Amino acid sequence: MSDAARRTGGRQARLGRRARPQEAEAAQPESLVTTSANPDGPVLVLACGAIANEIIALREQLGVTDDAMVLHCLPAELHNRPGQIAPRVDAFLSEHRHKYSRVILGYGDCGTGGALDKVLERHEANRLPHAHCYEFFATTPRFNQITDAEIGSYFVTDFLVRHFDRLVWEGCGLDTRPEMLETYFGNYRDLVYLAQTDNPDLQTKAQEAAARLGLNYVYHKVGYGDLAEAIREAADV
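Here is the structure:
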């Protein structure tokens with residue numbers, strides 16, 4: 064593999080772009096509703112389904128009740144269709160924002176190219192201050208250290224390891240077109256498992272996933288990273 068190809072793959076990894084069929088252009092939100100907060104309502108965490116377990120665990124650790132912090136998740140499959148994230152967030156907040164005092168999005172930019180931030184401005188909402196979940200789990204210094212060491216890094220988390228077949232293998236169509244493996248993953252060198260938990264079974268599955276993709280296996284136990292502080296601040300505890 065040429066150095067130029069490796070650099071291209073690394074840029075995609077740094078921006079949080081997954082190996083996936085790319086949409087021609089990001090879908091634009093249909094709603095232009097501007098909503099307002101309910102000072103007496105609970106906090107809403109509107110999150111990607113891929114980090115639901117982590118948010119629930121953090122909420123329990125902090126002793127935050129369901130009445131004080133409501134969690135609603137959008138489908139994790141949007142991970143493979145980032146152009147649909149902003150419209151889905153916009154639609155949900157247009158209908159439900161008036162119920163909540165504060166809203167935090169359990170997303171980074173996540174490949175929306177700034178479209179998500181434009182939606183949040185109209186709904187008095189904030190998102191996690193990173194490009195993607197890999198960065199807020201690893202924290203920025205560690206994420207940069209990993210990508211500086213190997214720019215061709217393909218990241219997975221506990222959730223993506225658990226659902227590798229559905230979201231990655233089948234999501235990329237490799238179950239029916241295995242010849243596309245090199246097209247999708249040829250610019251990567253390492254599969255980097257950013258683990259939230261110390262789970263030997265998931266480590267084995269991540270190693271198997273790396274082997275199927277033809278990548279080196281790299282393991283980092285990172286825990287919840289900056290997500291923990293974001294949930295703590297949202298809960299005001």
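In the working numbering, the protein residues as written are 64 to 300. Backbone N, C-alpha and C define an ideal beta-carbon position, used for all residues, glycine too. Values in this document were obtained by computation on a predicted structure and should not be read as measured data.
Asked                                                                                                               : Found
8 Å contact criterion, which Leu125 and Ala110 should meet: CB distance rounded                                     : No, Leu125 and Ala110 are not in contact; Cβ-Cβ is about 16 Å, not under 8 Å.
Within 9 Å, strictly: CB atoms of Pro138 and Gly112                                                                 : yes
Arg144 - DSSP class collapsed to helix/strand/coil                                                                  : coil
Assigned exposure category for Ile114 - 16 Cβ within 10 Å defines buried                                            : buried
The stretch 248–255 contacting the stretch 270–284, beta-carbon criterion three pairs below 8 Å                     : yes
For Tyr282, three-class secondary structure by DSSP                                                                 : strand
Collapsed DSSP secondary structure at Arg240 in the structure displayed                                             : coil
Exposed unless 16 or more other CB atoms sit within 10 angstroms - verdict on Ile118                                : buried
Limits of the beta strand (DSSP E) - the one that Phe218 falls within                                               : Ser216 to Val219
Where the alpha helix (DSSP H) through Ile114 begins and ends                                                       : Note, Ile114: premise wrong, no alpha helix (DSSP H); not H, not E.
Arg122 - partner residues in DSSP beta bridges                                                                      : Answer is none; Arg122 lacks a bridge partner.
Same chain, Cβ closer than 7 Å to Asp238, neighbours up to 5 away in sequence not counted                           : Trp232
Option in Ala272, Ser99 and Arg122 with minimal Cα separation from Glu292                                           : Arg122
Burial state of Glu198, where buried means 16 or more other Cβ atoms lie within 10 Å                                : buried
Candidates Ser157, Phe200 and Gly174, of which the one nearest Phe222 by Cα                                         : Phe200
Outcome for Gly288 when other beta-carbon atoms lying within 10 angstroms are tallied against a minimum of 16       : buried
Nonlocal neighbours in the same chain, by C-beta distance under 6 Å from Tyr170, ignoring five residues either side : Cys111 and Arg190
Cβ shell of Ala298 (< 8 Å), same chain only, five flanking positions each side left out                             : Val106, Arg122, Leu125, Val127, Ala131 and Met132
Candidates Glu158, Gly177 and Val166, of which the one nearest Ile148 by Cα                                         : Gly177
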